[in-house]
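Below is one structure, written out as structure tokens; comments come after it.
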Amino acid sequence: MSYKDLIKKTAFEQHKMLVNKEVSSVELVNAHFERIEEVDGKLGAFNSLTRDAAIETAKKVDNKIKNGEDIPVLAGVPLALKDNMNMIGSYTTASSKILSNFVSPYDATVTKKLKENLVPIVGKANMDEFAMGSSNENSSTKPVHNPWDLNKVPGGSSGGSAAAVAACEVPLSLGSDTGGSIRLPASFCGIVGVKPTYGRVSRYGLIAFASSLDQIGPFSRSVEDSALLLETISGHDPKDSTSLNIEVPKYSELIKKEIKGLKVGVITELLSDGVSPEVKSSIENAIQKYKELGAEIVEVSLPLLKYSIGVYYIIATAEASSNLARFDGVRYGHRTKDAKNLIEMYCKTRAEGFGDEVKRRIMLGTYALSSGYYDAYYKKAQQVRHLIKNDFDKVFAQADVIICPTCPYTAFEIGSKVQDPLSMYLTDIGTITANLGGIPGMSIPCGFDNDGMPIGLEILAPALKEDIMMRAAYNFEQATDFHKKIANI
Numbered sequence: 011m012s013y014k015d016l017i018k019k020t021a022f023e024q025h026k027m028l029v030n031k032e033v034s035s036v037e038l039v040n041a042h043f044e045r046i047e048e049v050d051g052k053l054g055a056f057n058s059l060t061r062d063a064a065i066e067t068a069k070k071v072d073n074k075i076k077n078g079e080d081i082p083v084l085a086g087v088p089l090a091l092k093d094n095m096n097m098i099g100s101y102t103t104a105s106s107k108i109l110s111n112f113v114s115p116y117d118a119t120v121t122k123k124l125k126e127n128l129v130p131i132v133g134k135a136n137m138d139e140f141a142m143g144s145s146n147e148n149s150s151t152k153p154v155h156n157p158w159d160l161n162k163v164p165g166g167s168s169g170g171s172a173a174a175v176a177a178c179e180v181p182l183s184l185g186s187d188t189g190g191s192i193r194l195p196a197s198f199c200g201i202v203g204v205k206p207t208y209g210r211v212s213r214y215g216l217i218a219f220a221s222s223l224d225q226i227g228p229f230s231r232s233v234e235d236s237a238l239l240l241e242t243i244s245g246h247d248p249k250d251s252t253s254l255n256i257e258v259p260k261y262s263e264l265i266k267k268e269i270k271g272l273k274v275g276v277i278t279e280l281l282s283d284g285v286s287p288e289v290k291s292s293i294e295n296a297i298q299k300y301k302e303l304g305a306e307i308v309e310v311s312l313p314l315l316k317y318s319i320g321v322y323y324i325i326a327t328a329e330a331s332s333n334l335a336r337f338d339g340v341r342y343g344h345r346t347k348d349a350k351n352l353i354e355m356y357c358k359t360r361a362e363g364f365g366d367e368v369k370r371r372i373m374l375g376t377y378a379l380s381s382g383y384y385d386a387y388y389k390k391a392q393q394v395r396h397l398i399k400n401d402f403d404k405v406f407a408q409a410d411v412i413i414c415p416t417c418p419y420t421a422f423e424i425g426s427k428v429q430d431p432l433s434m435y436l437t438d439i440g441t442i443t444a445n446l447g448g449i450p451g452m453s454i455p456c457g458f459d460n461d462g463m464p465i466g467l468e469i470l471a472p473a474l475k476e477d478i479m480m481r482a483a484y485n486f487e488q489a490t491d492f493h494k495k496i497a498n499i
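Residues in the sequence shown are numbered from 11 upward in steps of one, following our numbering.
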């Protein structure tokens, strides 16, 4: 089998080939590095590669198979980490100049779990700086390009993680989602992306953007692969005080149950004006497919949805302002070479090290938290956030899952929204409510526009009901062919 055929296999298919001794893990890892060398110069999905560590893990897997030992279900299958997750001995930059020389002294919990399960980590994926962005144009290194059209964005902030999977550079990757940063790139790149319930996956070792919103989750080219990866990285972690001490279900088995009788809610506000005709048509076709699968369609409403953008950008920027205060040039990272005193060193280091979008959000957040404005902005936003969560509780009393467009439109041209931050922020209108409510959400392919760009269907479920959410996704995936199409780069 040629390496080009091999890299198009799903993670589970690659694992079966390893177990059946049709290919070795070293061969599998090398095939993906060959793909990276072939296309990443055009794509820009990786900030750094960790080839030696990946090959070392692959050799361990091959030895276990040779000795007849059992291996974990994703062992030997290559994976990319978003560049805001620590991996000991590797650069972890968050795509920011201020961390350009930072080498991780420890492993994030998700990294540790991947290593324990013998998953070869091939490198760190490019991203919007400190996960702040919806297009992956805010990276300090280079923009990431969409594999379906190199002139268009892959979505952000986990654009490198998504593009790498869509371009078959890896079958699996991890991203982080603060307001849609997994689901939006999954939609724009035509793959599966999952944001779990807040607390389901440990955030220890993730460089924080907004701590009450951030969550790590998987990218893949099939729902089954995402279910397997979520099983691998989920679980309680005493190092993360927000980590939930609840048993992790066997998602990969539960998703295969039928959905006859499942109540699928459709958010009316997200199918109104502002949604492109092609996206609306694809969502309507998805609704029809669910009817054919035996699901019951229910119209639902989130009246406070119109306030979600404002609420999100107050809370997220306030928490970012606090979290990014630690990057001051004193302990680690970039330090200015031109400062006469301590205050000047702080100011010049942060001015040189942070990009425009990060500076914008720090200033917005600092203002919202400042004396005299805290109650008017941050406190009020938290109160409305609670009301939005109440809206979800009412909706989930009527429906088992909710569906809507992941984004009102498909991937846009690189550079087309850079000078219009408000327009860029509105890209997240369909995704940020899940982060505000702490509930799980995912995006799966559900169609293509007239230019051949992917369209994403978002599925939301009550907290800790990832199994039902992914069951709805799996049944739709198996009844359609959208996930089988691969970008030709």
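Every residue, glycine too, gets a C-beta built ideally from N, C-alpha and C.
DSSP beta-bridge partners of residue i
i	result
residue 183	90, 229
residue 468	414, 453
residue 275	308, 412
residue 423	162
residue 191	Answer is none; residue 191 lacks a bridge partner.
residue 101	113
residue 95	216
Three-state class that DSSP yields for residue i in the structure shown
i	result
residue 135	strand
residue 159	strand
residue 59	strand
residue 32	coil
residue 458	strand
residue 120	helix
residue 203	strand
residue 254	coil
residue 216	strand
residue 292	helix
residue 211	strand
residue 380	coil
residue 244	strand
residue 345	coil
residue 280	helix
residue 329	helix
residue 340	coil
residue 313	helix
residue 249	coil
residue 499	coil
residue 21	helix
residue 441	coil
residue 67	helix
residue 436	helix
residue 174	helix
residue 54	coil
Cβ neighbour criterion (16 or more within 10 Å) applied to residue i
i	result
residue 335	exposed
residue 476	buried
residue 452	buried
residue 373	exposed
residue 438	buried
residue 481	buried
residue 375	buried
residue 205	buried
residue 255	exposed
residue 274	buried
residue 211	buried
residue 146	buried
residue 388	buried
residue 340	exposed
residue 397	exposed
residue 501	Since the first residue of the chain shown is 11 and the last is 499, residue 501 is not available in this structure.
residue 15	exposed
residue 67	buried
residue 236	buried
residue 298	exposed
residue 104	buried
Any non-hydrogen atom of the ligand MG closer than 7 Å to residue i Cβ
i	result
residue 15	Summarising the ligand content, the structure contains no ligands, and the ligand MG is consequently not present.
> Three or more beta-carbon pairs under 8 Å between the stretch 160-179 and the stretch 360-371, yes or no?
Replying inline: no
> Just checking, does the stretch 228-244 make contact with the stretch 178-193 on the three C-beta pairs under 8 Å criterion?
Replying inline: Two segments are said to touch when three or more pairs of C-beta atoms, one from each, lie closer than 8 Å; by this definition the stretch 228-244 touches the stretch 178-193.
>> Contact between the stretch 283-300 and the stretch 452-470 is defined here as three or more beta-carbon pairs at a separation below 8 Å; is this criterion met?
In response: Yes, since at least three Cβ pairs between the stretch 283-300 and the stretch 452-470 fall closer than 8 Å, the two stretches touch.
> Could you give the uninterrupted runs of the alpha helix (DSSP H) lying entirely in the stretch 352-405, keeping only those of 4 residues or more?
Replying inline: 352-363, 366-379, 390-405
> Are at least three pairs of beta-carbons, each pair with one atom in the stretch 190-203 and one in the stretch 160-170, less than 8 Å apart?
Replying inline: yes
> Is there contact here, the stretch 378-389 with the stretch 143-160, by at least three beta-carbon pairs under 8 Å?
Replying inline: no
> Touching or not, the stretch 91-98 and the stretch 127-137, by the rule of three or more beta carbon pairs under 8 Å?
Replying inline: Remark: three or more beta-carbon pairs, one from each stretch, lie closer than 8 Å, so the stretch 91-98 and the stretch 127-137 are flagged as touching.
> Taking one C-beta from the stretch 301-321 and one from the stretch 265-272 each time, how about it: are there three or more such pairs within less than 8 Å?
Replying inline: Put simply, the stretch 301-321 touches the stretch 265-272. At least three CB pairs are less than 8 Å apart.
>> Any contact between the stretch 259-266 and the stretch 118-133? By contact I mean 3 or more CB pairs, one from each, below 8 Å.
In response: no
>> With three or more beta-carbon pairs closer than 8 Å as the criterion, would you say the stretch 209-224 touches the stretch 241-248?
In response: By the Cβ test, the stretch 209-224 is in contact with the stretch 241-248, since at least three Cβ pairs between them sit closer than 8 Å.
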